[in-house]
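Participant: Take the sequence shown: its position 152, counting from 1, is numbered 152 in UniProt numbering, and each next residue is one higher. After the structure tokens below, expect a handful of questions from me.
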Amino acid sequence: MSKNWRPATRLVHGGTLRSQYGETSEAIFMTQGFVYESSEAAEARFKGEDDGFIYARYGSPTNDMFEKRMCLLEGAEEARATASGMAAVAAAILCQLRAGDHIVAARALFGSCRWVVETLAPKYGIECTLVDGRHLENWEKAIRPNTRVMFLESPTNPTLEVIDIAGVARLANQVGAKLVVDNVFATPLFQKPLELGAHVVVYSATKHIDGQGRCLGGVVLSSKEWIDEEFQDYFRHTGPAMSPFNAWTLLKAVETLPLRVRQQTQSAAKIADFLAEQGQVARVVYPGRADHPQADIIAKQMTGGSTLVAFELKGGKAAAFALQNALRIVEISNNLGDSKSLITHPATTTHKNLTDEARAELGISGGTVRLSCGIEDTDDLLEDFAQALRKVPA
Ligand SMILES: *Cc1c(COP(=O)(O)O)cnc(C)c1O
């Protein structure tokens, strides 16, 4: 591994632990435990005098390869793979909090993330303030002396609003809080929260990292100090570890992550531009377009527009349903980041549990649709939208 290797090279070669058989493709180590050469070797391992494995809930070779590869991509010192994205989010937030602490989080969060900070944390005496994260003054006003964690995702689901990560990180540092960033929508290729000042990055590896709809997974990345001091014990003793089989699937998946995300992003950009010209479309939100409301922040913190497009149809829910039903290649699904293009109507699916008021605050109306571009041929996708829109009244 050379330090100068670029991401695409690191994602094919980084972190490989080759066995005595010299296999080309990385091996899967489906084992719960490990044996020791001698009693003395076991004693040394438990004293931490050598860094071998002890038990798969703590760490194992296939997971280690995946974690090292993710560190190389993210520019993090340490990572831990978890069974799902939510296991990563919940562990990264809760491991560092106790009763009496306070969280400030953006209100535009993936539904389960919002439940963790808004509903679960208060059960343990941890208060949470949700803010419109687009404006730094809202974060500043919400901070209290006992604020320990700030949490955001950017771009947000489903309306692709953007939050100034460096600005929120500065505010967190003023009170000694840790900023945790859910970087799923930007992908590790287009946004580097740790470089922007965030303390912890979390992923649902279920999305672009697998990218082929096969398994759940999550990753938590940070400094060695934070993982050792805040995260390690929580992770080892509450057991959110990823299965080695899923770690292997994801390890192989990251080899093609840049190829897939590049193709998905190219399609997203072209489809966003196409949709913006259509009479049935009221508004398109795409972080790669100059007319994104926060294009200035995007220029500072993202190097690509992402694989998702949000748009609003003038004809409301009826038009959104008609469009989704008329698409032939693009499938209706609440998932995202997949090699198959997927479309969602948030108001009736992923965001149906919010109150009308909360949905309105997030900019979700009956006409709002979220598209996740797959790796199909861009022209086929454009043709699919063109034929489907002909079935949507202007
Ligand atoms: C999907 C998702 C999660 C949760 O991940 P799972 O792997 O489904 O547990 C968290 N945050 C964001 C932004 C997501 O898209």
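All C-beta atoms in this analysis are idealised placements derived from N, C-alpha and C, irrespective of residue type, glycine included. Being a predicted model, the structure only gives us computed values, none of them experimental.
1) How would you write the range of the beta strand (DSSP E) that residue 151 sits in, first residue to last?
2) According to DSSP, simplified to helix, strand and coil, what is residue 113?
3) At which residue ranges does the stretch 78–143 contain complete beta strand (DSSP E) runs of 3 or more residues, listed in the order of the chain?
4) Of all the alpha helix (DSSP H) runs that stay within the bounds of the stretch 276–332, which reach a length of 4 or more residues?
5) Give me whichever residues DSSP pairs with residue 406 in a beta bridge.
6) Across the stretch 213–233 and the stretch 272–279, are there enough close Cβ pairs to call them in contact, namely three or more that are closer than 8 Å?
7) Could you name the residues of the same chain whose beta carbon sits closer than 7 Å to that of residue 67, not counting the 5 residues immediately before and after it, in chain order?
8) Flag residue 184 as yes when its Cβ comes closer than 6 Å to any non-hydrogen atom of ligand 1, and as no otherwise.
9) Excluding the 5 residues preceding and the 5 following residue 334 in the sequence, name in chain order all residues of the same chain whose CB lies nearer than 6 Å to its CB.
10) Over the uninterrupted alpha helix (DSSP H) stretch that includes residue 68, give me the two end residues.
11) Using alpha carbons as the reference points, say which of 76, 270 and 118 lies closest to residue 93.
12) Residue 331 CB to nearest chain C CB: under 7 Å?
13) Are the stretch 239–257 and the stretch 50–69 in contact at 8 Å, needing three or more beta carbon pairs?
14) For residue 201, list the residues DSSP reports as bridge partners.
15) Check whether the Cβ atoms of residue 305 and residue 288 lie closer than 7 Å to each other.
16) Helix or strand or just coil, what does DSSP make of residue 167?
17) Kindly indicate the opening and closing residues of the beta strand (DSSP E) around residue 369.
Facilitator: In this structure, then:
1) In the sequence shown, residue 151 corresponds to position 151, counting from 1. 147–153 is the extent of the beta strand (DSSP E) around residue 151.
2) The residue given as residue 113 occupies position 113 in the sequence shown. DSSP places residue 113 in helix when its eight states are reduced to three.
3) 78–82, 102–106 and 127–131
4) 295–301 and 316–326
5) A query on residue 406 cannot be resolved here, the shown segment of the chain reaching from 1 to 394 and no further.
6) no
7) Along the sequence shown, read from residue 1 onward, the residue named residue 67 stands at position 67. Hits under 7 Å: 79, 80 and 81.
8) Position 184 of the sequence shown holds residue 184. Indeed, a heavy atom of ligand 1 lies less than 6 Å from the Cβ.
9) Numbered from its first residue, the sequence shown carries residue 334 at position 334. These residues qualify, in order along the chain: 344, 349 and 350.
10) Working through the sequence shown from its first residue, we reach residue 68 at position 68. From DSSP, the alpha helix (DSSP H) with residue 68 extends over 61–74.
11) Locating residue 93 in the sequence shown gives position 93, counting from the first residue. Answer by Cα proximity: 118.
12) The structure shown contains no chain C; it holds only a single protein chain.
13) yes
14) In the sequence shown, counting from the first residue as 1, residue 201 sits at position 201. In the DSSP output, where bridge partners are listed per residue, residue 201 has 181 and 221.
15) Stepping through the sequence shown from its first residue, residue 305 is reached at position 305. Stepping through the sequence shown from its first residue, residue 288 is reached at position 288. The answer is yes: Cβ separation under 7 Å.
16) Your numbering for residue 167 matches position 167 in the sequence shown. The answer is helix: DSSP assigns residue 167 an H, G or I state.
17) As a first step, residue 369 is located in the sequence shown; it is residue number 369 there, counting from the start. It spans 368–372 - the beta strand (DSSP E) in which residue 369 sits, taken as one unbroken run.
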